[in-house]
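K.L.:
Below you will find the structure I want to go over with you.
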Amino acid sequence: MPLFATQFLGAFNDNLFKQAMVLFATYSIYSDAKKEAAFSAIATGLFILPFFLLSALSGQLADSHDKARIVRIIKTAEIAIMVVGAAGLLLGSAGLVVAAVPLMLGAVLAMGVHSTFFGPIKYAILPQHLTREEVLGGTGLVEAGTYIAILAGTILAGFINAQGAALMVLGVAGIGWLTARGVPPAPPPGEKPPMDLHIVRASIQLVSATLHIPRLFLAILSISFFWMIGAVLVIEFPPLVKNVFTADKQVASLFLAIFSIGVAIGSVLVNRLLNGRVSARYAPASVLGMAVFVLVMVVAAQQWTPAVDGKLYNLTQFAHHRDAPLIAFGLLGVSVTGGMFVVPLYAFLTTTVESDHTARTVAANNIVNSGAMVVGAVGAIVFANLGFSVVEALLAVAAMCLGAAILSWRLHIACDGIDCPDKLRESNPPRKR
Numbered sequence: 005m006p007l008f009a010t011q012f013l014g015a016f017n018d019n020l021f022k023q024a025m026v027l028f029a030t031y032s033i034y035s036d037a038k039k040e041a042a043f044s045a046i047a048t049g050l051f052i053l054p055f056f057l058l059s060a061l062s063g064q065l066a067d068s069h070d071k072a073r074i075v076r077i078i079k080t081a082e083i084a085i086m087v088v089g090a091a092g093l094l095l096g097s098a099g100l101v102v103a104a105v106p107l108m109l110g111a112v113l114a115m116g117v118h119s120t121f122f123g124p125i126k127y128a129i130l131p132q133h134l135t136r137e138e139v140l141g142g143t144g145l146v147e148a149g150t151y152i153a154i155l156a157g158t159i160l161a162g163f164i165n166a167q168g169a170a171l172m173v174l175g176v177a178g179i180g181w182l183t184a185r186g187v188p189p190a191p192p193p194g195e196k197p198p199m200d201l202h203i204v205r206a207s208i209q210l211v212s213a214t215l216h217i218p219r220l221f222l223a224i225l226s227i228s229f230f231w232m233i234g235a236v237l238v239i240e241f242p243p244l245v246k247n248v249f250t251a252d253k254q255v256a257s258l259f260l261a262i263f264s265i266g267v268a269i270g271s272v273l274v275n276r277l278l279n280g281r282v283s284a285r286y287a288p289a290s291v292l293g294m295a296v297f298v299l300v301m302v303v304a305a306q307q308w309t310p311a312v313d314g315k316l317y318n319l320t321q322f323a324h325h326r327d328a329p330l331i332a333f334g335l336l337g338v339s340v341t342g343g344m345f346v347v348p349l350y351a352f353l354t355t356t357v358e359s360d361h362t363a364r365t366v367a368a369n370n371i372v373n374s375g376a377m378v379v380g381a382v383g384a385i386v387f388a389n390l391g392f393s394v395v396e397a398l399l400a401v402a403a404m405c406l407g408a409a410i411l412s413w414r415l416h417i418a419c420d421g422i423d424c425p426d427k428l429r430e431s432n433p434p435r436k437r
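Just so you know, we're using the working numbering here: the sequence shown kicks off at 5 and counts up by one.
So this is what it looks like as structure tokens:
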């Protein structure tokens, strides 16, 4: 329970701060669609960058030190980070934009470091506190809590001002520090591996050691395509809502909330369809469905009637717009099929390696994923600078779904679509400890 609460509060705080910052910049600082998209892309890129640079180090730490102790250090750092972020929001609301923007972006970068070191632990600690039969359920509980936290933080950011968000992130960071005190000890389950502090060399070695297994290679690349697509969507949502659908920041929060709900629904649905088996059977069809629903959103955007005289629709007015149901249908479809696509692939990663290698496998996945997300963020900036509209960026997302479908189909064929992790375990039996 302390681990679940700590993870929940961390994910909530991440999303509350990031969404509050992006909405504040979009609706109160900038008044140009290109600048808004660029700021959102820069913020996303800064948050992702530590995953690319430091995941190898975080995986080594998680596999070689007491994970509970690392959690407590991380949550202490979160308080300091949120002091900086809160100061940025408060200065921005006071009109001191020149000072506020560097502080807010610096806090985003630091939160990326925070999440980089916490990410592998939340998966790797479970086998030490749960039986083998309980690990899948525990992983599902952590994932469900993450999506609920994302949903709650995202929605709240749209309904409070910058001052309220600043106070909230500080309070939540303090509560998270308290819950982290209760996480039970989790010393290394095997021999302590040597630490390689050279982040470039360690990253290359970690990724190469993981990707040499064809099934893991295909799974990680498939997941990376999903996160590259997700990065572009999250970057484009605020300018899409403001400049295409001419709606206020509460509607922007609604978009991300629907996205989170849909991923959770897709996670449950695909688990029911697979009856608990870890398989990529439905992944190709799911990501192709994702492309179709993105095109539904494009159609809705093209026929949307904007608000008059430069005004913005509020949440109620948006909900009563004749094309709002089509937008909600498309967005929910994108997220449900996205959840159906990616969740079995994550389960695949965590069930095909030994428990004392789980953190490093997740870290290797995070490195590749973050690289793909940086590519997505850079692509969004390039699109904006070249004059591409938000709608045209959505068309590019639909095209990227085809690449993910090809990779996931190859993974399905490689594993025969049924119980691939069990087959892999038979060929790689656990070492004796």
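Just so it is clear, CB atoms sit at the ideal spot from N, CA and C, and this is done for glycine as well.
1. Leaving out five residues before and five after T158 in sequence, what residues of the same chain have Cβ atoms less than 6 Å from its Cβ?
2. Judging by CA-CA distance, which residue of S374, F229 and V386 is the nearest neighbour of L50?
3. Across which residues does DSSP place A98 in a beta bridge pair?
4. On the DSSP bridge assignment, give the partners of A251 in chain order.
5. Hey, would you say L7 sits closer than 9 Å to V176, going by beta carbons?
6. For A308, which of helix, strand or coil comes out of DSSP?
7. Could you check where the alpha helix (DSSP H) with E171 kicks off and where it finishes?
8. Should I239 go down as buried or exposed, given a rule of 16 or more other Cβ atoms within 10 Å for buried?
9. Within the same chain, show all residues whose beta-carbon is closer than 6 Å to that of L220, passing over the 5 residues directly before and after it, in chain order.
10. Look at the alpha carbon of W413 and the alpha carbon of P218, and state the distance between them as a whole number of angstroms.
11. Cutting at 8 Å between CB atoms, please list the residues of its own chain near V4, excluding the five before and the five after it.
12. Considering Cα atoms alone, identify which of L65, A91, A9 and Y31 is closest to L316.
13. Taking V346 and I224 to be in contact with their CB atoms under 8 Å, please state how far apart those CB atoms are, rounded to whole angstroms.
14. Determine the DSSP secondary structure at G407, reduced to helix, strand or coil.
15. Could you tell me the alpha carbon to alpha carbon distance between V339 and A305, rounded to whole angstroms?
16. Measure the alpha-carbon distance for A91 versus E82 and round it to whole angstroms.
17. Determine the burial state of V386: buried for a count of at least 16 other Cβ atoms within 10 Å of its Cβ, exposed for fewer.
18. Let's test the definition: count the other Cβ atoms within 10 Å of the Cβ of R364 and tell me whether it reaches 16, buried, or not, exposed.
19. Where does G266 sit, in a helix, a strand or coil, going by DSSP?
20. What number of angstroms, rounded off, separates the C-alpha of L273 from the C-alpha of V267?
21. Rounded to whole angstroms, what is the Cα-Cα separation between H202 and A156?
22. Tell me which residues share the same chain as N432 and place their Cβ nearer than 6 Å to its Cβ, disregarding the 5 neighbours each side in the sequence.
23. For L415, which option in A287, A311, G383 and L292 has the closest C-alpha, if you only look at C-alpha atoms?
24. Do V401 and V236 have their C-beta atoms within less than 9 Å of each other?
25. For the alpha helix (DSSP H) that I33 lies in, which residues bound it at each end?
26. What number of angstroms, rounded off, separates the C-alpha of I52 from the C-alpha of S119?
27. Which residues mark the beginning and the end of the alpha helix (DSSP H) in which R219 is found?
28. Counting C-beta neighbours from all protein chains within 10 Å, is the total for S99 16 or more, i.e. buried, or is it exposed?
29. Within 10 angstroms of the Cβ of R285, are there 16 or more other Cβ atoms? Answer buried if so, exposed if not.
30. Just tell me which of V255, L390, D313 and V303 has its CA closest to the CA of H324.
31. Hey, M377 and W181 are a contact pair by Cβ (cut 8 Å); roughly how many whole angstroms apart?
32. Can you name, in chain order, every residue of its own chain whose Cβ lies under 6 Å from the Cβ of F121, other than the five neighbours on each side?
33. Run the CB neighbour count on V4, radius 10 Å, all protein chains shown included, and call it buried at 16 or more, exposed below.
34. Run through DSSP, which three-state label would F16 get?
P.N.:
In short:
1. Numbered from 1 along the sequence shown, position 154 holds the residue referred to as residue 158. Excluding residues up to 5 positions away in sequence, N19, Q23, S257, L260 and A261 lie with their Cβ nearer than 6 Å to the Cβ of T158 in the same chain.
2. For this step, residue 50 is matched to residue 46 along the sequence shown. Considering only alpha carbons, the answer is S374.
3. Numbered from its first residue, the sequence shown carries residue 98 at position 94. The secondary-structure analysis by DSSP pairs A98 with nothing; it has no beta-bridge partner.
4. What you label residue 251 is simply residue 247 of the sequence shown in a count that begins at 1. Y317, per the DSSP bridge assignment.
5. To locate residue 7, count along the sequence shown from 1; it is residue 3. To locate residue 176, count along the sequence shown from 1; it is residue 172. No; because the gap between Cβ atoms is not below 9 Å, this pair is not in contact.
6. In the sequence shown, counting from the first residue as 1, residue 308 sits at position 304. Per the sequence presented here, residue 308 reads as Trp, with Ala not at that position. Coil, per DSSP.
7. The residue labelled residue 171 in the question sits at position 167 within the sequence shown. Going by the sequence as given, residue 171 is Leu instead of Glu. Counted as a single uninterrupted DSSP element, the alpha helix (DSSP H) harbouring L171 occupies residues A166 to A184.
8. Here residue 239 corresponds to residue number 235 of the sequence shown, with the count starting at 1. So I239 ends up on the buried side.
9. Stepping through the sequence shown from its first residue, residue 220 is reached at position 216. Closer than 6 Å at the Cβ level, and outside the excluded window around L220, lie T214.
10. Counting from one through the sequence shown, the residue named residue 413 turns up at place 409. Counting from one through the sequence shown, the residue named residue 218 turns up at place 214. Straight-line Cα distance between these residues: approximately 13 Å.
11. Shown here, the chain extends from 5 to 437; a query on residue 4 therefore has no answer.
12. Position 312 of the sequence shown, counting from 1, holds the residue named residue 316. Taking L316 as reference, the option from L65, A91, A9 and Y31 with the minimal CA-CA separation is Y31.
13. The residue labelled residue 346 in the question sits at position 342 within the sequence shown. The residue labelled residue 224 in the question sits at position 220 within the sequence shown. By a beta-carbon distance limit of 8 Å, V346 does not contact I224. Their separation comes to about 11 Å.
14. Residue numbering aside, residue 407 sits at position 403 when the sequence shown is read from its first letter. The DSSP-derived three-state label of G407 is helix.
15. Walking along the sequence shown from the start, residue 339 turns up at place 335. Walking along the sequence shown from the start, residue 305 turns up at place 301. A small fix is needed here, since residue 339 is Ser in this sequence, not Val. Our two residues, S339 and A305, have alpha carbons roughly 18 Å apart in a direct line.
16. Sequence index remark: in the sequence shown, residue 91 carries index 87 (1-based). Sequence index remark: in the sequence shown, residue 82 carries index 78 (1-based). Between A91 and E82, the C-alpha separation is close to 14 Å.
17. In the sequence shown, the residue the question calls residue 386 occupies position 382. The residue in question, V386, is exposed, as its Cβ has fewer than 16 Cβ neighbours within 10 Å.
18. Numbered from its first residue, the sequence shown carries residue 364 at position 360. By the neighbour-count rule (16 or more Cβ atoms within 10 Å), R364 is buried.
19. Here residue 266 refers to the residue found at position 262 when the sequence shown is read from its first residue. The answer is helix: DSSP assigns G266 an H, G or I state.
20. Here residue 273 is taken as the residue at index 269 of the sequence shown, counted from 1. Here residue 267 is taken as the residue at index 263 of the sequence shown, counted from 1. Whole-angstrom Cα-Cα distance: 10 Å.
21. The residue labelled residue 202 in the question sits at position 198 within the sequence shown. The residue labelled residue 156 in the question sits at position 152 within the sequence shown. Cα-Cα distance, rounded: 38 Å.
22. Here the question's residue 432 lines up with position 428 in the sequence shown. Residue placement at N432 is flagged as unreliable, the pLDDT there being 44, under the threshold of 50; the coordinate-derived value follows with that caveat. Once the five neighbours on either side are set aside, N432 has no close Cβ partner at all.
23. Counting from one through the sequence shown, the residue named residue 415 turns up at place 411. In terms of CA proximity to L415, A287 leads the group A287, A311, G383 and L292.
24. Translated into positions along the sequence shown, residue 401 becomes position 397. Translated into positions along the sequence shown, residue 236 becomes position 232. The Cβ-Cβ distance between V401 and V236 falls below 9 Å.
25. In the sequence shown, residue 33 corresponds to position 29, counting from 1. Premise fails: I33 is in no alpha helix (DSSP H) and is neither H nor E.
26. Numbered from 1 along the sequence shown, position 48 holds the residue referred to as residue 52. Numbered from 1 along the sequence shown, position 115 holds the residue referred to as residue 119. When rounded, the distance between both Cα atoms is 9 Å.
27. Position 215 of the sequence shown, counting from 1, holds the residue named residue 219. Under the DSSP assignment, R219 falls in the alpha helix (DSSP H) whose first and last residues are P218 to P243.
28. By one-based count along the sequence shown, residue 99 stands at place 95. In the sequence under discussion, the amino acid at residue 99 is Gly, which differs from the Ser named in the question. Result: exposed.
29. Sequence index remark: in the sequence shown, residue 285 carries index 281 (1-based). With 16 or more other Cβ atoms within 10 Å, it is buried.
30. Locating residue 324 in the sequence shown gives position 320, where the first residue counts as 1. Considering only alpha carbons, the answer is V255.
31. Here residue 377 is taken as the residue at index 373 of the sequence shown, counted from 1. Here residue 181 is taken as the residue at index 177 of the sequence shown, counted from 1. About 28 Å; that fails the 8 Å criterion.
32. Reading the sequence shown from its first residue, position 117 is the one you call residue 121. Excluding positions up to five away in sequence, the list reads S62 and I78.
33. There is simply no residue 4 to check, as the chain begins at 5 and stops at 437 in what is shown.
34. Start at 1 with the first residue of the sequence shown, and residue 16 comes out as number 12. Three-state result, F16: helix.
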